[in-house]
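>
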Amino acid sequence: MADRVEPFLRDLITISEQAQRHLHTDNLNIVENLRRRLDDCHNTVQIILMYCIEHDVCVEVLYMLREIHNRLAVFLGHYNEICDRNVVENEHIQLSQPLIFEAQQIHEPGRPILNIPEDTLRELHDIHNSWSSVARLTGVSYRTLLRRRQQYGLEIANTVGPRITYTDLDDEQLCAIVRDILQLMPDAGETYVIGAIKSRGINIQRWRVRNAIQIVDPVSRALRRTLAVVRRVYNVRCPNAL
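For the sequence shown, full-length UniProt numbering assigns the number 1 to the initial residue and increments by one for each residue that follows.
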């Protein structure tokens, strides 16, 4: 764990300098990138601070960590406010300009059907990731969207067939298994741990494994996340333009 602390502290200084320098920027890409990195650092410092409190670390170190934690919280609050304001403005634009689908006349009794192209339906779901949200934003009923999904052969959740069954395992047993795996492979990530658990014939939800890893080894997990490579953000005219 010690070999990860020094890179984290160097990265923390860099992020703090960038956050101070871009306090009044209008570039949303920079704002969102800094907000995400500040959030990771803030959570990591909080975990380290709690660990130090539990293990009676000297007062000077605790004071320094609290100062860093508070400073990151101020930066994070500022950038969260900018991002939230941008989200509200975008939602206002979306709601003020709703999609309008043409009614298609059919030679059968009943009301005309709405012409909702398959590509539009797929794109809306990719953006909002929820059919309920798509129905609310477009003003089309959920049942109508369900019929169009059936018509286009889009995936629909199975509510009557067999479901995935998970192993009956309480949190203490799961943490014990995760602890054994991390003792053999201290640098193992979430995917490796899940694979190791499945190799033992145990099927557990991903979120439970993630929580167990956080309980067993919170400090190393937090430091590991801060060393992840931040993807570069591009501004292009259309998808695949690069």
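No residue lacks a Cβ here, since even glycine has one placed at the ideal position from N, Cα and C.
1. Report the CB separation of Leu49 from Arg66 in whole angstroms; it is logged as a contact under 8 Å.
2. Could you give the distance in angstroms between the alpha-carbon of Thr25 and the alpha-carbon of Leu137?
3. Hey, is Tyr152 close to the ligand PLP, as in C-beta under 6 Å from one of its heavy atoms?
4. Between the beta-carbon of Ile202 and the beta-carbon of Thr167, is there less than 7 Å?
5. Give a yes or no on whether the C-beta atoms belonging to Leu12 and Cys41 are separated by under 7 Å.
6. In angstroms with no decimal places, state the Cα-to-Cα distance between Leu95 and Leu62.
7. Which residues mark the beginning and the end of the alpha helix (DSSP H) in which Val233 is found?
8. Going by alpha carbons, who is nearest to Leu23 out of Val59, Ile127, Asn80 and Arg10?
9. Nearest-angstrom Cα distance between Arg35 and Leu76?
10. Per DSSP, which residues does Ala103 bridge with? Please list them.
11. Would you give the residue range spanned by the alpha helix (DSSP H) that Ala188 belongs to?
12. Suppose the cutoff is 7 Å on Cβ atoms and the five residues either side in sequence are ignored; what does the same chain contact list for Leu72 look like?
13. Just mark Val19 as buried or exposed, buried being the case when its beta carbon has 16 or more other beta carbons within 10 Å.
14. Start and end of the alpha helix (DSSP H) containing Asp39?
15. Report buried or exposed for Ile177, applying the criterion of at least 16 other Cβ atoms within 10 angstroms of its Cβ.
16. Give me the Cα-Cα distance between Asp180 and Tyr234, rounded to the nearest whole angstrom.
17. Identify, in the order they occur along the chain, each residue of the same chain with its Cβ nearer than 6 Å to the Cβ of Arg231, setting aside the five sequence neighbours on each side.
18. By the three-class DSSP mapping on this structure, what secondary structure does Cys238 have?
19. Going by beta-carbon coordinates alone, are Glu118 and Tyr152 separated by less than 7 Å?
20. Under the rule that 16 or more other beta-carbon atoms within 10 Å means buried, what is Ser132, buried or exposed?
21. Using three-state DSSP, classify Asn166 as helix, strand or coil.
22. Using CA coordinates, which residue listed in Ile68, Asn70, His78 and Leu9 is at the minimum distance from Arg21?
Concretely, from the data shown:
1. 7 Å
2. 31 Å
3. Of the ligands one can find in the structure shown there are none, so the ligand PLP has no counterpart to examine.
4. yes
5. yes
6. Because Leu95 carries a pLDDT of 47, less than 50, the predicted location of this residue cannot be relied on, and the following value inherits that uncertainty. For Leu95 and Leu62, the distance between alpha carbons rounds to 48 Å.
7. Element bounds for Val233: n/a, residue is neither H nor E.
8. Looking at the Cα atoms, Asn80 is the closest of the given residues.
9. 6 Å
10. Leu114
11. Here Ala188 belongs to no alpha helix (DSSP H), and DSSP marks it neither H nor E.
12. Leu38, Cys41, His42 and Val45
13. Note on identity: in this sequence residue 19 is Ala, with Val being the wrong assignment. Ala19 should be labelled buried.
14. Run containing Asp39: Leu28 to Glu54, per the alpha helix (DSSP H) assignment.
15. Ile177 should be labelled buried.
16. 42 Å
17. none
18. coil
19. yes
20. exposed
21. The sequence shown places Tyr at residue 166, rather than the Asn named in the question. In this structure, Tyr166 counts as coil in the three-state DSSP scheme.
22. His78
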